[in-house]
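These notes are about the structure you will find just below.
In my numbering, the protein residues as written are 37 to 164.
As structure tokens, this is what we get:
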């Protein structure tokens, strides 16, 4: 779980730095534009309703989708809708996987592959 936190922190720090530079330069390359776009989505993903705490493993599953780029094509305004639909889906369908993330405290290669499959399958049927 620390690896997910670190990856998210690095992505957001890079995003803030690039956003500050973007204010002064309108000619941004595609990679920088994509990075800024992902940062907006990650920021939306990290917003949480007041008095609605989430377990760490639930955060990991949701943040995984953003950090790995699965949400890059989703409009930022649709991120909360994704979050509200994806989390119940994972909790109801993949409780064992969440338990493994909680117990292991990290994302193993096996867990990574399962999360990738879950997110891909969910997004295939998700209508924003």
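All C-beta atoms, glycine included, are put in the ideal place defined by N, C-alpha and C.
>> I need the boundaries of the alpha helix (DSSP H) containing residue 116, first residue and last residue.
In response: 115-129
>> Judging by CA-CA distance, which residue of 139, 162, 69 and 49 is the nearest neighbour of residue 120?
In response: 162
>> Does residue 87 pass the burial test, meaning 16 or more other C-beta atoms within 10 Å, or should it be called exposed?
In response: exposed
>> Starting from residue 73, trace the alpha helix (DSSP H) in both directions and tell me its first and last residue.
In response: 66-82
>> Using 8 Å for Cβ pairs, my map puts residue 156 next to residue 133. What's the rounded Cβ distance?
In response: Wrong, their Cβ atoms sit about 14 Å apart, outside the cutoff.
>> On a Cα-Cα basis, can you pick out the residue from 115, 89 and 92 that is closest to residue 73?
In response: 115
>> Within a Cβ cutoff of 6 Å, which residues of the same chain sit near residue 107, ignoring the five residues on either side of it in sequence?
In response: 77 and 101
> Starting from residue 159 and walking both ways along the alpha helix (DSSP H), at which residues does that stretch end?
Replying inline: 145-161
> Just checking my contact of residue 138 with residue 92 at CB under 8 Å: how many whole Å lie between their CB atoms?
Replying inline: 7 Å
> Is it right to say residue 145 is buried, meaning 16 or more other beta carbons lie within 10 angstroms of its own, or is it exposed?
Replying inline: exposed
> Is the Cβ-Cβ distance between residue 99 and residue 123 less than 8 Å?
Replying inline: no
>> Using CA atoms only, rank isn't needed, just tell me which of 49, 66 and 159 is closest to residue 117.
In response: 159
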